[in-house]
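Comments concern the structure below.
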Amino acid sequence: MNELDFSKLDEENKKDFEQYYLEFYKNCVVQIRKRMVELDVTQKEIEEITGLKQPVISRLLNMDVIPRLDTLLKVTCALGIDIELK
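For our numbering, count along the sequence shown from 1 and bump the result up by 1008.
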């Protein structure tokens, strides 16, 4: 996976934020996959709805990259998934 840029955070906050975001990302992927099955939606259909290219969606779902929050939100919103940031 790609590294997140935490250059403006101190070391303790970097670790906390990275751990939180990675857990959040994993949870989103689980919800996205579940919702795709429920709705019988393909990656190609998500591409058409979000404007994100299918390979981007594939990398996101396979956790090959750490997506920006706005990319993650495009997919979750397109599938009607409510997410909560704490």
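Beta carbons: idealized from backbone N, C-alpha and C, even for Gly.
Top-ranked residue by Cα proximity to K1034, from M1071, R1076, K1052 = Here residue 1034 is taken as the residue at index 26 of the sequence shown, counted from 1. When only C-alpha atoms are compared, the closest one is M1071.
Close Cβ partners of Q1039 (< 6 Å) along its chain, the five nearest in sequence each way excluded = Stepping through the sequence shown from its first residue, residue 1039 is reached at position 31. Closer than 6 Å at Cβ, skipping near neighbours: I1089.
Cβ-based neighbour list, L1068, same chain, cut-off 6 Å, excluding 5 preceding and 5 following | As a first step, residue 1068 must be located in the sequence shown, where it is residue number 60. So the list reads P1075, once near-sequence residues are dropped.
Between which two residues does the alpha helix (DSSP H) carrying P1075 extend?
-> Residue mapping note: residue 1075 aligns to position 67 of the sequence shown, counting from 1. Element bounds for P1075: n/a, residue is neither H nor E.
C-alpha gap between F1032 and E1053, whole angstroms = In the sequence shown, the residue the question calls residue 1032 occupies position 24. In the sequence shown, the residue the question calls residue 1053 occupies position 45. One C-alpha to the other measures close to 24 Å.
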